Every structure is written in structure tokens, then in C-alpha cells.
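Going by this note's numbering, the first residue of the sequence shown is number 57, and it counts up by one from there.
Take a look at the structure set out below.
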Amino acid sequence: MNTFYAGTKFEIENCTRKGMQRFHLKYLLLHHGKFYILLDGIMLGDWRTISWDMIRDIILGDDEILSAKMFAIQTRLFFLKSAKPIKLLLTDGDVIYLYVNWNFGTGLSANYKVYEKIKKNIK
């Protein structure tokens, strides 16, 4: 079973618990649940379903809004692709940050594999 943590750029910028993300990602990315890759898009639990044509671009990497350095436990993991957040740029202007199968103990995730699968499906 794949699980996710996700949040919009707006939600992250307006998060009042900024110091808490060092303890767990759920304090910064407010939406979590089961993650599915479907034939026509991705499903983020009960929160959102995003069709492939709604995704304008996908980026795997740190930026000024969300960085693996914010909550990764071990500094040597900062350079690993699986510790980096996925950033979905949607056609409606929304920006969603995503972690799939994030591990609290290591800061690693399945993000690199998920990024590759999504990238293959968007045009």
C-alpha cells in the first residue's frame, strides 16, 4: 500500500506550525492517505484526484518552499533523489508538494520512482 503526504504551496506558506515539521512531515503537509496511480491520473486519497492533463509540469527537487533539509533526519541523505519532494504544477495554477511512502526514520521516500512514473504519463 502506498501512502502520501501532500499540501499546496498556499497551505505550506501559511502553516503556523513551521517548527513542528522537524518532528513529522504531517505538520507541514496537511493531506495524507492512500496514494494510487490510475490509468487517467493520480488519486490522493479522499483529498484529490488529478488527471494527467491537469499536470502542466512535475519537478523533483528542493526549492524555497519545501526542502528535504527541513525534516530529513540524516544530513548525508540530503543529496538523494528519494529524499526530495515532488512538485506538481497544475494547469489551474495550483502547486502541490508530495511525498509518497515517506519514512520518518530516514527521511527517504518513493518519490523518485513515483516521479518517473508520473513524468511518463504527462504531455
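We treat Cβ as the ideally placed atom computed from N, Cα and C, and that holds for glycine.
Small disclaimer: the values here were computed from a predicted structure and weren't measured.
- [ ] Would you mind sorting residue 85 into buried or exposed? The rule is 16 or more other CB atoms within 10 Å of its CB.
- [x] So residue 85 ends up on the buried side.
- [ ] Assign residue 64 to one of two classes, buried (16 or more other C-beta atoms within 10 Å of its C-beta) or exposed (fewer than that).
- [x] By the 10 Å Cβ count, residue 64 comes out buried.
TODO: Please confirm whether any heavy atom of the ligand GTP lies closer than 7 Å to the CB of residue 70.
DONE: Questions concerning the ligand GTP fall outside what the structure shown contains, since it holds no ligand whatsoever.
Open item on the list: Determine whether the beta carbon atoms of residue 164 and residue 113 lie at a separation below 8 Å.
Closed with: Cβ atoms of residue 164 and residue 113: not closer than 8 Å.
Task: For residue 133, the three-state DSSP class (helix, strand or coil) - done: Low confidence applies here, because residue 133 scores a pLDDT of 47, under 50, leaving its location unreliable; read the following figure in that light. Of the three classes helix, strand and coil, the one that applies to residue 133 here is helix, per DSSP.
- [ ] Quick one: grab the DSSP three-state call for residue 146.
- [x] Strand, per DSSP.
Open item on the list: Using the Cβ count rule (16 or more neighbours within 10 Å means buried), how would you classify residue 160?
Closed with: Under the 10 Å beta carbon count, residue 160 is surrounded by fewer than 16 other beta carbons and is classified as exposed.
Open item on the list: Could you give the first and the last residue of the continuous alpha helix (DSSP H) run that contains residue 125?
Closed with: From DSSP, residue 125 is part of no alpha helix (DSSP H); its letter is neither H nor E.
- [ ] Within the same chain, show all residues whose beta-carbon is closer than 8 Å to that of residue 89, passing over the 5 residues directly before and after it, in chain order.
- [x] Only 59, 60, 100, 101, 102 and 103 meet the Cβ criterion.
Task: Coarse secondary structure for residue 66, derived from DSSP in three states - done: Here residue 66 carries a helix assignment [DSSP, helix/strand/coil].
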